[in-house]
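Working notes, structure below.
Number of protein chains: 2
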Amino acid sequence: MNETIRLLQAHRSSRSYKSDPIPEEILDAIVESAHRAPTSVNSQQVSLIVVRNAASRARIAEIAGGQPWIAQAPVFIAVVADLYKTALGVEKGGAEQIVQRSLEAVISSVSDVGIMMATLMTAARAFGLGIVPIGGIRRDVRGMIDLLGLPRNTFPVAGVVLGYIDEEAPQKPRLPIESFRHEEKYRSEKLKSAIDAYDHTLVTYWKKIGRKDGLSWSANMAQYYSSYSRRIKAIAEEQGFTIEL
Amino acid sequence: MNETIRLLQAHRSSRSYKSDPIPEEILDAIVESAHRAPTSVNSQQVSLIVVRNAASRARIAEIAGGQPWIAQAPVFIAVVADLYKTALGVEKGGAEQIVQRSLEAVISSVSDVGIMMATLMTAARAFGLGIVPIGGIRRDVRGMIDLLGLPRNTFPVAGVVLGYIDEEAPQKPRLPIESFRHEEKYRSEKLKSAIDAYDHTLVTYWKKIGRKDGLSWSANMAQYYSSYSRRIKAIAEEQGFTIEL
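If you read the sequences in order, they're chains A and B. Here the first sequence stands for residues -16 to 228, numbered as in this note's numbering. Here the second sequence stands for residues -16 to 228, numbered as in this note's numbering.
Right, dumping it as structure tokens:
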């Protein structure tokens, strides 16, 4: 099996970092890898904000609900849906950008953000760095907008922590593949047994790594997905993403 | 520079395929790579539908606005935001899932879809396959839901074409990196000159590869982003994604 496949299949998020800086040429190569990633209709509707300032990282750690690895690792890259940049192009092209008022714009730009995030993570791991994807910045979108100085028609979707790993994380098991991969059509019949098997696997895994507060996947999902954790629609609207149709 | 970085920086979408099938073990390794990719709060809120049936691929090519490479290449993988699966977990955990009614759920699941797409594309390219990311399935979301038999609380966000390349595509230039990478804060000052430079670069590129209808980036953006190309909010609502807050 080749190096890239091995790297992807060994994916894990490590949450323990040394403070060693990332050499400029490595950071450049990681960002340039993301810069080559595809975007919807070549819109290039994503921008990265590379945050190294310690006070800013401490603030982001706080915004994200207390995630110390954001302050500990030397680099945080915010990945921003950027329809401000595209609006300048539309204006130069003699028209007015209105696409940001549609759900389509949210979906196309946020999926492009995800593509960038994965590219950043894979590139960083190819250099032996650890990573943590951070959606927790959406706990305080306004705080992130202010911290990063983001203009209208942009939205800070997520970020990635990058640094040299102090203690490597184990690899967390996944739901059985039959709940992830379907052939030709979606098959729901196997889901319940897959979830039962995974709940058992995950609890066994938490015990094995000595984590006493670890929940089954179902209990975890019941905790997270039975409430509205984040009320971000009003801020998206203020930024220009009004989701009218 | 290592193999993975080289692969990422050489990214391109190829739109000319042989009909040769992809060996099962290669397709398995690609899907298993995506299966290991991270998701928000370990929700695993993404599912893949592997489509090899020729009639289905022809239908998807049509839905996507006439993209013949979808019918030509042997495999299309639909990447689906899947909060049906998580709802089963929440229910098993003794609660009711309501998160799908929030913008947060759209953003977290769609960014996870993007992460999966990039992982599929990188894994496929590591095996020497060509890829094309396809957002065009959102031209007829209902058509895709019916074709793939998708349940409530799911949404077909995008897909990836995979196959053996007949004719390799050249690599399309990107906007200058200063319009993509910012340090500490978003800097809008350099955007207009970056766009001017890129408009020139892209038109030169189109001429070089002999494409006579190639537009500048600004003209392209003016064409795509000055109208609502896709009205998908009503279908998202029907699926359960009501975006109430």
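We treat Cβ as the ideally placed atom computed from N, Cα and C, and that holds for glycine.
In angstroms, rounded to a whole number, what distance separates the CA positions of residue i and residue j?
i, j, result
"Ile60/A", "Ser209/A", "30 angstroms"
"Leu103/B", "Val14/B", "7 angstroms"
"Tyr169/A", "Gln206/A", "26 angstroms"
"Pro139/A", "Ile128/A", "7 angstroms"
"Gly202/B", "Asp95/A", "Checking the displayed sequence, the identity of residue 202/B turns out to be Ala instead of Gly. Rounded to the nearest angstrom, the two C-alpha atoms are 21 angstroms apart."
"Pro156/B", "Lys75/A", "19 angstroms"
"Gly119/A", "Arg213/A", "10 angstroms"
"Lys173/A", "Thr225/B", "27 angstroms"
"Ile215/A", "Ser85/A", "16 angstroms"
"Glu(-14)/A", "Asn136/A", "39 angstroms"
"Leu131/A", "Val62/A", "11 angstroms"
"Ala177/B", "Ala70/A", "14 angstroms"
"Ala180/A", "Val89/B", "27 angstroms"
"Ser26/B", "Ile160/A", "14 angstroms"
"Gln222/A", "Asp65/A", "11 angstroms"
"Asp3/B", "His165/A", "21 angstroms"
"Lys195/A", "Trp189/A", "7 angstroms"
"Ile117/B", "Thr22/A", "10 angstroms"
"Ser199/B", "Phe163/B", "18 angstroms"
"Arg40/B", "Leu145/B", "12 angstroms"
"Glu79/B", "Gly72/A", "44 angstroms"
"Ile229/A", "Ala12/B", "As displayed, chain A neither begins before -16 nor continues past 228, which places residue 229/A out of reach and without an answer."
"Ile46/B", "Ala38/B", "12 angstroms"
"Thr187/B", "Gly113/B", "25 angstroms"
"Gln83/A", "Leu185/A", "40 angstroms"
"Ser(-3)/A", "Ile192/A", "14 angstroms"
Answer with yes or no whether the minimum CB distance from residue i to chain B is below 8 angstroms.
i, result
"His18/A", "yes"
"Glu166/A", "yes"
"Gln27/A", "yes"
"Ala38/A", "no"
"Val186/A", "no"
Name, please, each residue of chain A whose Cβ falls closer than 7 angstroms to the Cβ of residue i.
i, result
"Ala109/B", "Asn(-15), Thr(-13), Ile(-12)"
"Phe59/B", "Ordered by position in chain A, no residue passes the 7 angstroms Cβ test against Phe59/B, which lies about 10 angstroms from the chain."
"Ser201/B", "Gly72, Lys75, Gly76"
"Leu86/B", "Ile215, Lys216, Ala219"
"Lys191/B", "Here the premise fails: no neighbours, minimum Cβ distance about 16 angstroms."
List the residues of chain A whose Cβ lies closer than 8 angstroms to the Cβ of residue i, in chain order.
i, result
"Thr229/B", "No information on residue 229/B is available, as it lies outside the stretch -16 to 228 that chain B covers here."
Quick one: does residue i have its CB under 8 angstroms from some CB of chain A?
i, result
"His183/B", "no"
"Lys173/B", "no"
"Ile90/B", "yes"
"Ser176/B", "no"
Can you pull the chain B residues whose beta carbon is under 7 angstroms from the beta carbon of residue i, in chain order?
i, result
"Gln(-8)/A", "Glu15, Ser16, Arg19"
"Pro116/A", "Pro21"
"Leu228/A", "Tyr211, Arg214, Lys216"
Since residue i meets chain B, which of its residues come closer than 9 angstroms, beta carbon to beta carbon?
i, result
"Gln80/A", "Met204, Ala205, Tyr208, Ser209"
"Arg121/A", "Glu87, Ile90, Ser91"
Residues of chain B with CB closer than 8 angstroms to the CB of residue i, please, in chain order.
i, result
"Gly169/A", "The sequence given here has Tyr at residue 169/A, not Gly. By Cβ distance, chain B contributes Ser30, Ile32, Val63, Leu131, Gly132, Leu133, Pro134, Thr137."
"Met230/A", "Residue numbering for chain A in the displayed model covers -16 to 228; residue 230/A lies beyond these limits and cannot be assessed."
Can you list the residues of chain A that residue i reaches, using a CB-CB cut of under 9 angstroms?
i, result
"Ala106/B", "Thr(-13), Ile(-12), Leu(-9), Gln(-8)"
At least 3 beta-carbon pairs within less than 8 angstroms: the segment 108 to 120 of chain B vs the segment -10 to -2 of chain B
Output reads yes: the segment -10 to -2 of chain B touches the segment 108 to 120 of chain B.
Determine which residues of the segment 40 to 54 of chain B have a Cβ less than 7 angstroms from any Cβ of chain A, and write them out in chain order.
Those residues of the segment 40 to 54 of chain B placed with their C-beta closer than 7 angstroms to a C-beta in chain A do not exist.
Is it true that the segment 28 to 43 of chain B meets the segment 1 to 11 of chain A, where meeting means three or more beta-carbon pairs spaced less than 8 angstroms apart?
With contact defined as three or more Cβ pairs closer than 8 angstroms, the segment 28 to 43 of chain B and the segment 1 to 11 of chain A are not in contact.
For the segment 43 to 58 of chain A and the segment 142 to 153 of chain A, state whether three or more C-beta atom pairs, one from each stretch, are separated by less than 8 angstroms.
With the cut-off at 8 angstroms, the segment 43 to 58 of chain A and the segment 142 to 153 of chain A touch.
Which residues, in order along the segment 137 to 164 of chain A, keep a beta-carbon less than 9 angstroms from a beta-carbon of chain B?
Interface annotation for the segment 137 to 164 of chain A against chain B: Thr137, Phe138, Val140, Ala141, Gln154, Lys155, Arg157, Leu158, Ile160, Ser162, Phe163, Arg164, criterion Cβ-Cβ distance under 9 angstroms.
Using a Cβ-Cβ cut-off of less than 8 angstroms, list which residues of the segment -5 to 11 of chain B approach chain A; keep chain order.
Those would be Ser(-4), in chain order.
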